[in-house]
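**Student:**
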Amino acid sequence: MDHSSYTDEYLTNILEEVKTIAVVGASDNPSRPSNFVMRYMKRKGYRILPVNPGKAGQEFLGETFYASLSDIDVPVDMVDCFRNSEAVASIVPEAVAINAKVLWMQLGVFNETAAETAESAGLKVVMNRCPKIEFGRLSGEIAYMGGRSKIISSKRNKLLGKR
Amino acid sequence: MTDPKFETLAVHAGAAPDPTTGARVTPIYQTASYVFDDADHAAELFNLQAFGNIYSRLTNPTNAVLEERVATLEGGATALAVASGHAAQMIAFHTLMEPGDEFLASTRLYGGSITQFSQSFKKFNWNAIFVDPADPNNFKEALTPKCKAIFIESLANPGGVVTDIAAIAEIAHEAGIPLIVDNTLASPYLCRPIEWGADIVLHSATKFLGGHGNSVGGIIVDSGKFDWSASDKFPTLSEPNPSYHGMKFHETFGELAFGIACRALGLRDLGPALSPFNAFMIITGIETLALRMKAHCENALKVADFLQNHEKVSWVSYAGLKDDAYHSLAQKYTGGAGGAVMTFGIKGGYDAGIKMVENVNLFSHLANIGDTRSLIIHPASTTHRQLNEEQQIAAGAGPDVIRLSIGIENADDIIADLDQALMQS
């Protein structure tokens, strides 16, 4: 599929379907973007599973850092990649092996080949996006900080959290 | 819905029904503060890790609707509503400038902006270099290594001047700096500077956005397109921020970075927050922006035609007139419309100017523009009286100059009032 833009419906379906998110390249440094995303998505009701071989075994946000995706012992719905674009190629086979449903690449991360491989294995793919920003946008929360929800509707909004 | 048009966005953008109560019109959230869910939630909000409300100096749900409304109409990524147009300028520059930095500013600006830039900004050691915008190359020649931005008005005040946004945007981008456009006089109905390459758009929302002369406010819109990390010119956006544990705004927030930094640093520390009541008034005003701007422009063109042929008038400056020097630029940037504001020269100079503003009955003699009411002022005896005659002429406010902001009353009544006042002056 074309990854230059996504419909709100495509992203909403992903954010409504997934319950567990493995974050590859997760950092426990509170000033790093991955830390922002994990805290936000956890508060929205997602289970966050941090993956970082250098931190394996350490506690973080009520979970334990995993060395790799294959070490995770619960079903993973989505793999969120905080790695450089090239590194995504090596993440895809693992994501497929653990039956993840969604491969998500963060802002600034692009890998068309990895996207095609994941899609041919049945995964939905998002690239160069941030799930925090997209959840905030689709829920309208991003407008608290001056961003645009882009919602034009006479109906009350429904996507306000998993809880 | 797919691709809603300007008039639809002016009514709806940012204002879906209130999620809690179902209220259809945006409620006025008249509260200073907001409760936290728990201590972790409080920490995440203070760290900017969560989107949410802490304190109405920083965010307010009524103001948020105004912000999304204007960001949408201007085609920007983010907006920040503040207490006035001057506050918008102060906060935007606070995010871009370090002490000792410089910026280029058009000489064709609202007098209050020239004073803010040349006097108060100096106290922060932010140094404005003023440039005649008639030839865009003047900006290129005036650039210095310390320049962090170029600042212009799309339709300039006092009336009649249209600035070549696209040409100046190109010069700014070649120099690796953003173009800031004050779009107050045109409003996004007539001109959307981001479509012509501007990076940041500012408004005095007091004027055409609010439109009724009842609420002071300002707004900063960012396109989200400028690469703040491409150089070391903008450390506030590209470098670790000590007040947020070393977080980098551009890396963390992408296209939202400038808007969030303006809020989380400038508004947080300098403090000019907009009252949610004023935000509500301005939101309500924007719903009729398209209708009002059409009426303003139609009336103003009739008035300019009338003045051009009046025996007491020596010249008229209004870009909506086909023979005006700026009409070709107006055709490019505003669809040929001249907006509501114009200036003209009254025969008899200073004394006739004073008589004119005292003899009107429908026009209000006051210092404002962009009201439903028609407004008149004699700049040399009011807004520009601190300047000497030479400075007044350079600013387009010589002794014979009268500035009008044409309202949405019936054009015949507006013209009749001007005619009787001119004949007595």
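The listed protein sequences derive, respectively, from chains A and B.
When we follow our numbering, the leftmost residue of the first sequence carries the number 6, and every step to the right adds one.
When we follow our numbering, the leftmost residue of the second sequence carries the number 0, and every step to the right adds one.
Beta carbons are placed, not taken as given, at the ideal position from N, Cα and C, and that holds for glycine.
Beta-carbon within less than 8 Å of A/GLU68's beta-carbon, same chain only, minus the 5 sequence neighbours each way: which residues are those?
**Tutor:** Counting from 1 along the first sequence, the entry for residue 68 of chain A is found at position 63. Hits under 8 Å: ARG52, ILE53, LEU54 and PRO55.
**Student:** Apply the 10 Å Cβ neighbour rule to B/ASP38 and answer buried if 16 or more other Cβ atoms are within range, or exposed otherwise.
**Tutor:** Stepping through the second sequence from its first residue, residue 38 of chain B is reached at position 39. Before going on, a small fix: residue 38 of chain B reads as Ala here, not Asp. Exposed.
**Student:** Name the chain B residues that come within less than 8 Å of A/ALA148, Cβ to Cβ?
**Tutor:** To locate residue 148 of chain A, count along the first sequence from 1; it is residue 143. Simply GLY13, ALA63, VAL64, GLU66 and GLU67.
**Student:** B/ARG291 and B/GLY210 - do their beta-carbons sit closer together than 9 Å?
**Tutor:** The residue given as residue 210 of chain B occupies position 211 in the second sequence. The residue given as residue 291 of chain B occupies position 292 in the second sequence. Yes, the pair counts as a contact, with Cβ atoms nearer than the cut-off.
**Student:** What are the residues in the region 13 to 26 of chain A lying within 7 Å of chain B by C-beta distance?
**Tutor:** Within the region 13 to 26 of chain A, no residue qualifies.
**Student:** Let me know if A/SER9 comes out buried or exposed under the rule of 16 or more other beta-carbons within 10 Å of its beta-carbon.
**Tutor:** In the first sequence, residue 9 of chain A corresponds to position 4, counting from 1. Exposed, because fewer than 16 other Cβ atoms sit within 10 Å of the Cβ of A/SER9.
**Student:** So which of B/SER222, B/SER274 and B/HIS295 has the shortest CA-CA distance to B/ILE259?
**Tutor:** On the second sequence, residue 259 of chain B is found 260 positions in, with the first residue counted as 1. Taking only the C-alpha atoms, the option nearest B/ILE259 is B/SER222.
**Student:** Let me check understanding here. Comparing Cα to Cα, which of B/ASN387, B/ASN409, B/GLN390 and B/ALA420 lies closest to B/HIS364?
**Tutor:** Start at 1 with the first residue of the second sequence, and residue 364 of chain B comes out as number 365. Among B/ASN387, B/ASN409, B/GLN390 and B/ALA420, the Cα nearest to that of B/HIS364 is on B/ALA420.
**Student:** Is there a Cβ from chain A that is less than 9 Å from the Cβ of B/THR7?
**Tutor:** In the second sequence, the residue the question calls residue 7 of chain B occupies position 8. It does; some Cβ of chain A falls within 9 Å.
**Student:** Classify B/PRO135: buried if its beta carbon has 16 or more other beta carbons within 10 angstroms, exposed otherwise.
**Tutor:** One-based indexing of the second sequence puts residue 135 of chain B at position 136. Answer is buried; the Cβ neighbour count reaches 16.
**Student:** So B/PRO157 and B/PRO378 are in contact, right, with Cβ under 8 Å, and what is the actual spacing, rounded?
**Tutor:** Working through the second sequence from its first residue, we reach residue 157 of chain B at position 158. Working through the second sequence from its first residue, we reach residue 378 of chain B at position 379. 7 Å between Cβ atoms; contact.
**Student:** Beta-carbon of B/TYR28 versus every beta-carbon of chain A: anything under 9 Å?
**Tutor:** Position 29 of the second sequence, counted from the start, is the residue given in the question as residue 28 of chain B. Output row for B/TYR28: interface = no.
**Student:** Run through chain A and tell me which residues come within less than 9 Å of B/LEU255, C-beta to C-beta.
**Tutor:** Mapped onto the second sequence, residue 255 of chain B falls at position 256. Those within 9 Å of B/LEU255 in chain A are ILE138, ILE147, MET150, GLY151 and GLY152.
**Student:** List, in chain order, every chain A residue whose beta-carbon is nearer than 8 Å to that of B/ASN52.
**Tutor:** Here residue 52 of chain B is taken as the residue at index 53 of the second sequence, counted from 1. Per Cβ cutoff of 8 Å: TYR149.
**Student:** Would A/SER32 count as contacting chain B if we go by Cβ distances under 9 Å?
**Tutor:** For the purposes of this step, residue 32 of chain A is identified with residue 27 of the first sequence, where counting begins at 1. No, no contact with chain B.
**Student:** Counting contacts by CB-CB distance shorter than 9 Å, is A/PHE41 in contact with chain B?
**Tutor:** As a working note, residue 41 of chain A is residue 36 in the first sequence. Yes, because at least one Cβ of chain B sits closer than 9 Å to the Cβ of A/PHE41.
**Student:** For chain A, check one thing: does any of its Cβ atoms lie closer than 9 Å to the Cβ of B/TYR188?
**Tutor:** On the second sequence, residue 188 of chain B is found 189 positions in, with the first residue counted as 1. It does not; no Cβ of chain A falls within 9 Å.
**Student:** Who are the Cβ neighbours of B/LEU417 in its own chain at under 6 Å, not counting the five residues just before and after it?
**Tutor:** For the purposes of this step, residue 417 of chain B is taken as residue 418 along the second sequence, with counting starting at 1. Nothing listed; no residue qualifies.
**Student:** Does the ligand GDP have even one heavy atom less than 8 Å from the beta-carbon of B/ILE414?
**Tutor:** With respect to the ligand GDP, the structure offers nothing, as it holds no ligand at all.
**Student:** By Cβ distance, which residues of its chain are closer than 7 Å to B/ALA148, with the 5 residues on each side in sequence left out?
**Tutor:** What you label residue 148 of chain B is simply residue 149 of the second sequence in a count that begins at 1. Hits under 7 Å: LEU95, PHE102, ILE176, PRO177 and ILE179.
**Student:** Taking buried to mean at least 16 other C-beta atoms within 10 Å of its own C-beta, is B/GLN391 buried or exposed?
**Tutor:** Working through the second sequence from its first residue, we reach residue 391 of chain B at position 392. Per the 10 Å Cβ criterion, buried.
**Student:** Ignoring anything shorter than 4 residues, give me the alpha helix (DSSP H) runs that lie fully in the region 52 to 135 of chain A, in order along the chain.
**Tutor:** 93 to 102 and 117 to 125, all fully within the region 52 to 135 of chain A.
**Student:** Could you spell out the range, first to last residue, of the beta strand (DSSP E) harbouring B/LEU178?
**Tutor:** Taking the second sequence and counting its residues from 1, the one referred to as residue 178 of chain B is at position 179. Its beta strand (DSSP E) spans residues 178 to 181.
**Student:** Going by other Cβ atoms of all chains shown within 10 Å of its Cβ, with 16 needed for buried, is B/PRO241 buried or exposed?
**Tutor:** Within the second sequence, residue 241 of chain B is the residue found at index 242, counting from 1. So B/PRO241 counts as exposed.
**Student:** Assuming B/ALA435 and A/TYR45 are in contact, meaning their beta carbons sit under 8 Å apart, how far apart are those beta carbons, in whole angstroms?
**Tutor:** Missing from the structure shown is residue 435 of chain B; chain B here goes from 0 to 424 and no further.
**Student:** Just the Cα atoms here: how many angstroms apart are B/GLU140 and B/CYS146?
**Tutor:** Position 141 of the second sequence, counted from the start, is the residue given in the question as residue 140 of chain B. Position 147 of the second sequence, counted from the start, is the residue given in the question as residue 146 of chain B. Rounded to the nearest angstrom, the two C-alpha atoms are 12 Å apart.
**Student:** Under the three-state reduction of DSSP, which class applies to B/LYS147: helix, strand or coil?
**Tutor:** In the second sequence, counting from the first residue as 1, residue 147 of chain B sits at position 148. Three-state DSSP puts B/LYS147 in a strand.
**Student:** Given this structure, state the Cα-to-Cα distance separating A/ARG168 from A/GLY50, to the nearest angstrom.
**Tutor:** Taking the first sequence and counting its residues from 1, one reaches residue 168 of chain A at position 163. Taking the first sequence and counting its residues from 1, one reaches residue 50 of chain A at position 45. In this prediction, A/ARG168 scores a pLDDT of 42, lower than 50, which makes its location untrustworthy; the coordinate-derived value is nonetheless stated afterwards. The straight-line gap from Cα to Cα measures roughly 5 Å.
**Student:** Keeping to the same chain, check which residues put their C-beta closer than 6 Å to that of B/PRO432; ignore five residues upstream and five downstream.
**Tutor:** This structure leaves residue 432 of chain B out entirely; chain B is present only between 0 and 424.
**Student:** Is the separation between the beta-carbon of B/ALA336 and that of B/LEU403 shorter than 9 Å?
**Tutor:** Here residue 336 of chain B is taken as the residue at index 337 of the second sequence, counted from 1. Here residue 403 of chain B is taken as the residue at index 404 of the second sequence, counted from 1. No; because the gap between Cβ atoms is not below 9 Å, this pair is not in contact.
**Student:** Give me the Cα-Cα distance between B/LYS321 and A/TYR149, rounded to the nearest whole angstrom.
**Tutor:** Walking along the second sequence from the start, residue 321 of chain B turns up at place 322. Walking along the first sequence from the start, residue 149 of chain A turns up at place 144. Taking the straight line from one Cα to the other gives about 44 Å.
**Student:** Is B/LEU154 helix, strand or coil by DSSP?
**Tutor:** As a working mapping, residue 154 of chain B is identified with position 155 in the second sequence. DSSP places B/LEU154 in strand when its eight states are reduced to three.
**Student:** For a test of the three-state rule: what should DSSP assign to B/HIS244, helix, strand or coil?
**Tutor:** Here residue 244 of chain B refers to the residue found at position 245 of the second sequence. Residue state, collapsed to three classes: coil.
**Student:** Let me know the secondary structure DSSP gives A/GLY152 once reduced to three states.
**Tutor:** Start at 1 with the first residue of the first sequence, and residue 152 of chain A comes out as number 147. Note: A/GLY152 maps to strand in three-state DSSP.
**Student:** Closer than 6 Å by C-beta to A/LEU108: which residues in its own chain qualify, once you throw out the five before and the five after it? Chain order, please.
**Tutor:** Along the first sequence, read from residue 1 onward, the residue named residue 108 of chain A stands at position 103. Here the set comprises VAL84, ALA100, ALA123, LEU128 and VAL130.
**Student:** Would you say B/GLU250 and A/PRO38 are within 9 Å of each other, going by their C-beta atoms?
**Tutor:** Position 251 of the second sequence, counting from 1, holds the residue named residue 250 of chain B. Position 33 of the first sequence, counting from 1, holds the residue named residue 38 of chain A. Cβ atoms of B/GLU250 and A/PRO38: closer than 9 Å.
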